[in-house]
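This report refers to the structure that appears directly beneath it.
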Amino acid sequence: MLHQNMEKTSLFISFFSEMNYFYISFYFYSLASFIVRPVERRIEDLYLSIRSLPRGTLIVSFSILSSLVLSLEFLFFMDCPLSLDLLTYSFVLVLLSTLLSAIVVSLLARADNRNPLLNLRRSLYLSIYSNAVIFILWAISGNQFTRSLFSISLESAYSFSIASPILIRLIVISTLLSINPLLQFIGASINSFTLLILGFSLLHSESSLLTGLIISLLLQIFLYIIFKSFISYNIEGVENLELMKGFLFEWAENDPTYIEEKLSQLSQPEKIEVAYILFQEETGKIKGGVIIPSLHPGPFRNVGSSNLSHQISHGLEEIMGGVFLVFHGAATHRDDAPSSGEVGHIIQDISKAIKREKRFLSRFPYPKQHRNLFNITTFTAHNLSFSFISQLNCDAEDISHDVAEYLEDKIGTDLVLIDLHNNIGAEGKPITLGDSRVSVLEKIVPKTLNVQRARQVKVGMAKVRDTGITRKEGMGPDGVSVTLIDYGDLCVVLLLYDANNMTPELRETLERYVQRYLKENSGYRNVIPLVGTTDTHTVTAIGQGVTYHPLGNAVDHGKVLNATKRCLNKAISNLGKSKYAVNRIYTYVKVLGENYNILKNVVVHGVSSYKSFMKFIVPTVLFLNLLLLSMFSL
49 MLHQNMEKTS
59 LFISFFSEMN
69 YFYISFYFYS
79 LASFIVRPVE
89 RRIEDLYLSI
99 RSLPRGTLIV
109 SFSILSSLVL
119 SLEFLFFMDC
129 PLSLDLLTYS
139 FVLVLLSTLL
149 SAIVVSLLAR
159 ADNRNPLLNL
169 RRSLYLSIYS
179 NAVIFILWAI
189 SGNQFTRSLF
199 SISLESAYSF
209 SIASPILIRL
219 IVISTLLSIN
229 PLLQFIGASI
239 NSFTLLILGF
249 SLLHSESSLL
259 TGLIISLLLQ
269 IFLYIIFKSF
279 ISYNIEGVEN
289 LELMKGFLFE
299 WAENDPTYIE
309 EKLSQLSQPE
319 KIEVAYILFQ
329 EETGKIKGGV
339 IIPSLHPGPF
349 RNVGSSNLSH
359 QISHGLEEIM
369 GGVFLVFHGA
379 ATHRDDAPSS
389 GEVGHIIQDI
399 SKAIKREKRF
409 LSRFPYPKQH
419 RNLFNITTFT
429 AHNLSFSFIS
439 QLNCDAEDIS
449 HDVAEYLEDK
459 IGTDLVLIDL
469 HNNIGAEGKP
479 ITLGDSRVSV
489 LEKIVPKTLN
499 VQRARQVKVG
509 MAKVRDTGIT
519 RKEGMGPDGV
529 SVTLIDYGDL
539 CVVLLLYDAN
549 NMTPELRETL
559 ERYVQRYLKE
569 NSGYRNVIPL
579 VGTTDTHTVT
589 AIGQGVTYHP
599 LGNAVDHGKV
609 LNATKRCLNK
619 AISNLGKSKY
629 AVNRIYTYVK
639 VLGENYNILK
649 NVVVHGVSSY
659 KSFMKFIVPT
669 VLFLNLLLLS
679 MFSL
């Protein structure tokens, strides 16, 4: 599943953002011992422990400190006398290169439609890590042993070191900014050319400095060309690096516009089904409803239809009033919408259908349950059946819409599948056509159909969005929603949590809690709780070290029970006789379709290619750089 790859996504994003230079610096360090060894796990741990950038005076202090340390190292290997005047001169020039390069890059970002990805703070961080790379390469090339080994002059070693960050800076700037290549090169090389002034002042041979810089510069450009051919590729007219830029906009600035624009180019319109159960009060006012779209929440955070449940419920509540619960329909990640705008079209179509609804019935059907690998509870209405499916053995992740259509055809009835998505397991896989579990559904779903009993019911509906449970704890913005259906001798409770799946332990706890609470406080003898999650993807890719937390995994269960109790009480307080209507509408929206794999492939290809590039190609070319310098050293 796509959300299971979000940790890799976040790591790949980090290559082009704050932590990029930690990664590259470690690979340059491997050159010192002429050993290329896998250090990915160490780097990933470092990334996870240092997620956010320092701010304000702290990052300025880092800039000053890195400049001071680098200036001291320059003087040390140049065998210059450590006088205050010389140290001050060296420090001022290094600090100037640090600040000037940051200012130039941030100005280039402003020229690129005020691109926030390389603001002054991030540009300063870029300069700090440029200093770190120079520090490492100067330590490698500037010492007597390396210069003797390669027969290079001190001037050539200095040129080699100050040119070393150009590749890194060029990769970052060209990836994040859509500006003229010449301006990209200026932003990438300005700190190197500023430091050249220091070399002219303290070293003896200007010609050797320039020769070394030209050779190193050409090899850095050569490396960049290799990088572009090694990493970059086109996906149906969209560059993969453009997709990564879109990821960064969302990741760093919480702005999904860019990535949604690119994903929309990869998407095609498809027919989407939306079923609903609508409840009407005796006054004729809409009390609320249960919405089941065959659109899938995804792909992650607030991109596309990730916030599907909250977006639809909130939109309908603003238009229609009442309370709306948006359950997970028969859909997989191929049914992710590329932009939230597509969800907006669905909201308009649903609201129009609800406003046209005229036929409300008084007698609501009783549910019928059956357990065998799945726990299925079906309400068979006059023209449409709704099967709420709980996957008991934790091995299912989604149910594809093809399976729903197949079951309708085989069983011979109009059927809507609701995936309660409430039983997370380690090896969860979608149920698609050809899966052995389809035959199980084919056998047991009919056993829950054709119930003739129905009666007038009371309905109570409520939603609690201010649950006190954060997204990092697994709760999305739509919180907890409840629909109580009171038959008199039976109470069915639809409990929906805006979460991406749920631990079996919490589901069982909630089921027992709801049964006990309603029996003790409302006198119901028979209670059927149907506990589900929306599969919201707003809770994915927001933490460190994990892609997301299913509800119950990172939150105190007492907090969930407390929010549930509040929601139950609100629903009980507005119980009243209700009529109902059911319907199924169809609309066309863009979905990723089979291209949803592109997101995963971008990550897999990008990570493997980037690591191979940094582990093998970069050290090889740097080694070649030193050999060429030895040939031209004066």
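Residue numbering for the sequence shown follows the numbering used here, starting at 49 and increasing by one per position.
The beta carbon of each residue, even a glycine, is placed where N, CA and C say it ideally should be.
Since the structure is predicted, the reported quantities are computational estimates derived from the model, not experimental observations.
Going by beta carbons, valine 540 and isoleucine 576 fall inside the 8 Å limit. Beta-bridge analysis with DSSP links histidine 597 to no other residue. Of the residues Asp384, Thr259, Gly370, the one whose Cα lies closest to the Cα of histidine 376 is Asp384. If you draw a 10 Å sphere on the C-beta of asparagine 569, you find fewer than 16 other C-beta atoms in it, and that means exposed.
Per DSSP, alanine 510 is not a residue of any alpha helix (DSSP H); the beta strand (DSSP E) it occupies stretches across 502 to 512. For glycine 336, no alpha helix (DSSP H) run applies; the uninterrupted beta strand (DSSP E) run containing it begins and ends at 334 to 341, by DSSP. Spatial neighbours of asparagine 601 in its own chain (CB-CB distance under 6 Å, excluding positions within 5 residues in sequence) are listed in chain order as Thr551. In this structure, the beta-carbon distance from isoleucine 339 to isoleucine 360 falls below 8 Å. For phenylalanine 193, the closest C-alpha among the options Leu257, Gln232, Tyr596, Phe125 is that of Phe125. Counting only runs of at least 4 residues, the region 409 to 491 fully encloses the following alpha helix (DSSP H) elements, listed from N- to C-terminal order: 449 to 459.
Relative to the Cα of valine 499, the nearest Cα in the group Gly624, Phe412, Ile437 belongs to Phe412. Assigned with DSSP and collapsed to three states, aspartate 383 falls in helix. Annotation: the continuous beta strand (DSSP E) that includes alanine 629 extends over 624 to 639.
Distances from the alpha-carbon of isoleucine 665 to those of Leu120, Ile279, Asn161 put Ile279 closest.
Taken atom to atom, the span from the alpha-carbon of glycine 580 to that of isoleucine 437 is near 9 Å. Here leucine 677 is buried, its C-beta having at least 16 other C-beta atoms within 10 Å. The beta carbons of asparagine 631 and tyrosine 324 sit about 6 Å from each other, so the pair counts as a contact at 8 Å.
Our two residues, aspartate 133 and serine 145, have alpha carbons roughly 19 Å apart in a direct line. Taking the Cα positions, tyrosine 137 is about 42 Å away from glutamate 290. In this chain, the alpha helix (DSSP H) harbouring lysine 310 covers 305 to 313.
Setting aside the 5 residues that flank it on each side, glutamine 439 is surrounded in the same chain by Phe422, Asn471, each with a C-beta closer than 7 Å to its C-beta; the list follows chain order. In this structure serine 529 is buried. Its beta-carbon is surrounded by 16 or more other beta-carbon atoms within 10 angstroms.
In the DSSP secondary-structure assignment, aspartate 534 is bridged to Lys506, Cys539. Put simply, of Arg169, Ile227, Phe198, Phe183 the residue whose alpha carbon is nearest the alpha carbon of isoleucine 210 is Phe183. Excluding the 5 residues flanking it on each side, serine 410 has same chain C-beta neighbours closer than 6 Å at Gln504, Lys627, in chain order. With fewer than 16 other beta carbons inside 10 angstroms of its own, valine 140 counts as exposed. Around the CB of histidine 449, 16 or more other CB atoms lie within 10 Å, so the residue is classed as buried. DSSP places tyrosine 324 inside the beta strand (DSSP E), whose first and last residues are 316 to 329. Residue state for threonine 581 is assigned as strand, using DSSP reduced to three classes.
For the pair glutamate 559 and leucine 578, the Cα-to-Cα distance works out to about 8 Å. Your pair serine 433 and leucine 463 checks out as a contact, with CB atoms roughly 5 Å apart and the cut at 8 Å. In this structure, the beta-carbon distance from serine 207 to valine 181 does not fall below 8 Å. For valine 587, no beta strand (DSSP E) segment is defined, and its DSSP state is neither H nor E. Annotation for glycine 235: Val152, Val153, Leu156, Ile221 place their beta carbon closer than 6 Å to its own, counting only its chain and skipping 5 residues before and after.
Between alanine 378 and serine 342, the CB-CB gap stays under 8 Å. In this structure, the CA atom of isoleucine 533 is about 21 Å from the CA atom of histidine 469.
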